[in-house]
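Going letter by letter, the sequence shown gives residues 386 to 742 in the working numbering.
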Amino acid sequence: MVLPNVMQKIDSHKLIHWFQSAKRDLPWRRNPTPYQIWISEVMLQQTQVAVVVPYYERWLKRFPTVHDLAEAPINEVLKLWEGLGYYSRARHLHAGAQTIVERFNGEIPSTPDQLKLIKGLGPYTIGAILSLAFQKQAAAVDGNVMRVLARFFAYREDISKSSSIKILRQIAEENVPQNDPGAFNEALIELGATICTRTPQCQKCPLRSNCAALAQELEHELPIKGKSVSYQQLFRSVAVVISQNRLLVKKGEKGSIMTDLYEFPYFEVEASGITTTALAGLLKKNFNLATREVASLPEFEHAFTRFRVKLLPVLYHSTQIKPVAGYEWLGREEVAKLPFSSGHRRILHHLQKEQLW
Ligand code: SF4
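This is the structure:
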């Protein structure tokens, strides 16, 4: 294993000084409470800043405190999260808020051991909360920071390996200063997000005089990353069935990827899809539901975890509201309040936009 040159140190003064003048004005940077730091850090995982801003603002309006979040029904929490993806984050925030109320009297705790008791908090978020909210000397190493560290210390190993993550986290811990650890961490994250990006802009970087990758002309070669995740492509024929102004939908089962999220009935099919008559046949066979085809709807792409899904929806009418095991027939008011998975929500929006329902 090639260990990086850790004799050098990140100049925290230079970095923080740069951050104070270059940082973007973001809502969670305006005197945030520990609760606001927690929410923003969770929302920002795997999601771009511009996407997060409106979600964050809506969230704080609806759940201004830990208590408001803990008391809210899960459907409402997921509804506010709708479109942000990785819904387990919202479920963990909800469960975490309940833990904070029950065990910590509604106050976000300030030690690593206590924070570990809160669902969904990993080393990055714990480090971010400790340093940003409580000014504790803890590192917060996300993907952006990994990239900066790998370059600054000319780390030549695959950074997706768990051994690399451990080494880089240790190096980060050794570099977090006693003074203003929160600003240091935020500055590193900001540097990775705005300057030390995939194509680094080294001429603007406050760390350039000490950067090992730049000195060795490796800034475009590093970091080394292993094979990216391979995605599985799925095709689903989706039956949007309306009867007496009600839509047939199913709530995602507990423990499934779509836990608590609503979807229309669908069937896994081959890439070529199936005919609308064959889909009606499946409705009849599986749900004993007689339907009449109304229209083929546009295809929608949908991605989650390691899956890419092409949704092939068709609109049907059924004259009868027949009970279908595991499904519900819901009217407009109920549907408007429920969280849908992102692909099925797009189908729903299309129905509404085209006044098909
Ligand atoms: S000098 Fe370039 S490679 Fe080094 S940390 Fe700055 S932006 Fe990244």
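Beta carbons are placed, not taken as given, at the ideal position from N, Cα and C, and that holds for glycine.
Note that the structure is a prediction, hence the values are computed from the model and not measured.
How big is the Cα-Cα spacing for I485 and E678?
As a position in the sequence shown, residue 485 is number 100, starting the count at 1. As a position in the sequence shown, residue 678 is number 293, starting the count at 1. Computed Cα separation, rounded: 50 angstroms.
Keeping to the same chain, check which residues put their C-beta closer than 8 angstroms to that of K610; ignore five residues upstream and five downstream.
Position 225 of the sequence shown, counted from the first residue, corresponds to residue 610. Around K610: D543, I544 and S545.
In angstroms, rounded to a whole number, what distance separates the CA positions of Y712 and E426?
Residue numbering aside, residue 712 sits at position 327 when the sequence shown is read from its first letter. Residue numbering aside, residue 426 sits at position 41 when the sequence shown is read from its first letter. Rounded to whole angstroms, Y712 to E426 spans 35 angstroms at the Cα level.
Compute the Euclidean distance between the alpha carbons of T432 and W742, then round it to the nearest angstrom.
As a position in the sequence shown, residue 432 is number 47, starting the count at 1. As a position in the sequence shown, residue 742 is number 357, starting the count at 1. T432 and W742: Cα-Cα distance of roughly 32 angstroms.
Could you tell me whether the Cβ atoms of L751 and L553 are closer together than 8 angstroms?
Only positions 386 to 742 of the chain appear in the structure, and residue 751 is not among them; the question remains open.
Does the ligand SF4 have a heavy atom nearer than 7 angstroms to the CB of P585?
Taking the sequence shown and counting its residues from 1, the one referred to as residue 585 is at position 200. For the ligand SF4, at least one heavy atom lies less than 7 angstroms from the Cβ of P585.
Distance, Cα to Cα, M386 vs R541?
Residue mapping note: residue 386 aligns to position 1 of the sequence shown, counting from 1. Residue mapping note: residue 541 aligns to position 156 of the sequence shown, counting from 1. Any reading at M386 is ruled out, since the residue's pLDDT is 45, under 50, leaving its predicted position unreliable.
Given 8 angstroms as the limit, is there contact between the stretch 639 to 649 and the stretch 561 to 577, that is, 3 or more CB pairs closer than that?
Because the criterion of three Cβ pairs below 8 angstroms is not met, the stretch 639 to 649 and the stretch 561 to 577 do not touch.
For R621 and L696, what's the separation of their Cα atoms in angstroms?
Taking the first residue of the sequence shown as position 1, residue 621 is located at position 236. Taking the first residue of the sequence shown as position 1, residue 696 is located at position 311. Their Cα atoms are separated by approximately 5 angstroms.
Have a look at S406, K738, A688 and G567 and flag the residue whose alpha-carbon is nearest the alpha-carbon of S726.
Looking up residue 726 in the sequence shown gives position 341. Comparing Cα-Cα distances from S726 to each of S406, K738, A688 and G567, the minimum goes to A688.
Answer yes or no: do R536 and P585 have a C-beta to C-beta separation smaller than 8 angstroms?
As a first step, residue 536 is located in the sequence shown; it is residue number 151 there, counting from the start. As a first step, residue 585 is located in the sequence shown; it is residue number 200 there, counting from the start. Taking 8 angstroms as the Cβ cut-off, R536 and P585 qualify as a contacting pair.
Using only the heavy atoms of the ligand SF4, determine whether one of them is closer than 7 angstroms to the beta carbon of A598.
As a working note, residue 598 is residue 213 in the sequence shown. Within the cutoff, so yes.
Counting along the chain, where does the alpha helix (DSSP H) carrying Y509 start and finish?
Numbered from 1 along the sequence shown, position 124 holds the residue referred to as residue 509. Taken as a continuous stretch (DSSP letters only), the alpha helix (DSSP H) holding Y509 covers P508 to A513.
Considering only residues of the same chain and omitting the five flanking positions on each side of W403, which have a CB-CB separation below 8 angstroms?
Within the sequence shown, residue 403 is the residue found at index 18, counting from 1. Hits under 8 angstroms: A572, L576 and P591.
Per DSSP, which one or two residues make a beta bridge with E678?
Here residue 678 is taken as the residue at index 293 of the sequence shown, counted from 1. In the DSSP output, where bridge partners are listed per residue, E678 has Y701.
Out of curiosity, what's the CA-to-CA distance linking Q676 and V625?
Locating residue 676 in the sequence shown gives position 291, where the first residue counts as 1. Locating residue 625 in the sequence shown gives position 240, where the first residue counts as 1. Correcting the residue identity first, residue 676 is Thr in this sequence and not Gln. T676 and V625: Cα-Cα distance of roughly 10 angstroms.
Quick one: grab the DSSP three-state call for K695.
For the purposes of this step, residue 695 is identified with residue 310 of the sequence shown, where counting begins at 1. Reduced to three states, the DSSP call for K695 is strand.
With a Cβ-Cβ cutoff of 8 angstroms, do C587 and L603 count as a contact?
The sequence position of residue 587 within the sequence shown is 202, counting from 1. The sequence position of residue 603 within the sequence shown is 218, counting from 1. Not closer than 8 angstroms, so no.
Quick one: using the 10 Å Cβ neighbour count with 16 as the cut-off for buried, is Q421 buried or exposed?
In the sequence shown, counting from the first residue as 1, residue 421 sits at position 36. That one is buried.
Compute the beta-carbon to beta-carbon distance between M428 and L469, rounded to the nearest angstrom, for a pair I have assumed lies under 8 angstroms.
Locating residue 428 in the sequence shown gives position 43, counting from the first residue. Locating residue 469 in the sequence shown gives position 84, counting from the first residue. Correct: roughly 7 angstroms between the Cβ atoms.
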